[in-house]
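The block underneath contains the structure these notes are about, expressed in structure tokens.
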Amino acid sequence: MQNDELIWCVVNKHFCAFKKKTDKEDMCRNVYNVTGKCNRVSCPLANSHYATVLEQQGKLYLCLKTVERAHLPSRLWEKLKLPQSLREAKRFVQLRMHNEYPKHQVQRCIRRLIRLKQMLHRMRRLELKPKSAAAAAAGAAAVAAAAAVAAAAAAAGAAAAAGAGAAAGNRRGRSSCKLAAARMQILMQIKSDRFTPNSLWAVEMYIHPVTCMLVRALGVYVHPVRRKSWKELKRKLKEEKQQEKKKHFVLLTLKTSLKTNSSKGCTR
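UniProt numbering applies: residue 1 is where the sequence shown begins, and numbers increase by one.
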């Protein structure tokens, strides 16, 4: 039923799906080939007693083929998991193949085991390198993003501060920085929807062009009505805050008065 010489004669002289011819020698693409070469000793089809080492998902297995399982193609190969330690794996291969397989087959399996171990080590080392580089790139990107946000926050008054500070001194430069801070405060209020519809007057007239771009990016529509000075805008904001404080104070007084009245009614 299993004739190795007949199989090799057919495979060698006629067609073989795993054979790959090159200029120097013929190669074999069979997964179970222990050397990758197409010859009588290395052919997994033409050897009833054969052994090899395979790598699957980072784990190594010793695959053994015997003539007793030739009538069962699904159970033709016995797969044995090898230990992770190279020394223990070598000892396992030698003990399992001792007095059953030829010595050259044992040596080829050990050499293949060493090559696969080195390949896994290189794969792990190469896989760890991009991760560290990616982490460094992510950190650099985060720093760049933070710098971009800070630059966008300071860009509103950077040009004005430079020009005004050089012209009128440090005092005027500090005032322009405060102006930029006020602009960014207005932008944050727009973002958090704290502005009422009545207080959205011509914000594009007051904010720096860079900040205007940020306002448009936020999707806030501002209809320019007329030009107003920054003092007028600040005054309006102060008035709104004072009105809110007054309303809060009135509510607190009403609550306290209601509590006192209810407590007096209970005592009566």
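Backbone N, C-alpha and C fix where the C-beta goes; we use that ideal spot for every residue, glycine too. This structure is a prediction, so every number in the text was calculated from the model and none was measured.
In whole angstroms, give me the CA-to-CA distance for residue i and residue j.
i, j, result
"Cys-109", "Ala-17", "24 Å"
"Arg-29", "Thr-35", "10 Å"
"Leu-234", "Leu-252", "Looking at the sequence itself, residue 234 is Lys, so the reference to Leu does not match. Each residue's Cα considered, the two are about 27 Å apart."
"Gln-84", "Ile-114", "12 Å"
"Asn-99", "Arg-111", "19 Å"
"Glu-5", "Ala-46", "7 Å"
"Lys-20", "Asn-39", "12 Å"
"His-14", "Pro-73", "23 Å"
"Trp-8", "Tyr-50", "14 Å"
"residue 273", "Cys-43", "Beyond the ends of the chain as shown, which are 1 and 268, falls residue 273; an answer cannot be given."
"Arg-122", "Tyr-101", "31 Å"
"Met-27", "Asn-33", "10 Å"
"Gln-94", "Gln-2", "26 Å"
"His-248", "Lys-238", "15 Å"
"His-41", "Gly-58", "Looking at the sequence itself, residue 41 is Val, so the reference to His does not match. Using only the alpha carbons, I get a separation of about 28 Å."
"Lys-245", "Thr-260", "23 Å"
"Leu-258", "Lys-236", "33 Å"
"Val-11", "Glu-78", "24 Å"
"Gln-242", "Lys-255", "20 Å"
"Glu-127", "Glu-25", "34 Å"
"Met-97", "Gln-56", "21 Å"
"Lys-90", "Arg-124", "21 Å"
Taking only beta-carbon atoms, is residue i less than 9 Å away from chain C?
i, result
"Arg-40", "Here there is only one protein chain, and chain C is not present."
Around the Cβ of residue i, are there at least 16 other Cβ atoms within 10 angstroms (buried) or fewer (exposed)?
i, result
"Thr-52", "buried"
"Ser-262", "exposed"
"Arg-227", "Its pLDDT being 45, under 50, Arg-227 is placed unreliably in this model, and the value from its coordinates should be taken loosely. It counts as exposed."
"Ala-70", "exposed"
"Gln-105", "buried"
"residue 277", "Residue 277 is absent from the structure shown; the chain starts at 1 and stops at 268."
"Val-250", "exposed"
"residue 271", "The question about residue 271 has no answer here: the residues shown for the chain are numbered 1 through 268."
How many whole angstroms separate the CB atoms of residue i and residue j, which I take to be in contact at a CB cut-off of 8 Å?
i, j, result
"Leu-60", "Leu-76", "That pair is no contact at about 20 Å."
"residue 269", "Leu-62", "Nothing in the structure corresponds to residue 269, since the chain is present only between 1 and 268."
"Ser-48", "Val-67", "4 Å"
"Leu-86", "Lys-129", "Contact doesn't hold; Cβ gap of about 23 Å is too wide."
For residue i, is the beta carbon positioned less than 8 Å from some heavy atom of the ligand PLP?
i, result
"Met-119", "Among the ligands in the structure shown, none appear at all, so the ligand PLP cannot be discussed."
(request) Mind listing, in chain order, the continuous beta strand (DSSP E) runs of no fewer than 3 residues lying wholly within the UniProt domain "Ribosomal eL28/Mak16" (6-118)? (result) Listed in chain order, they are 19-21, 26-28, 50-56, 59-65 and 77-81.
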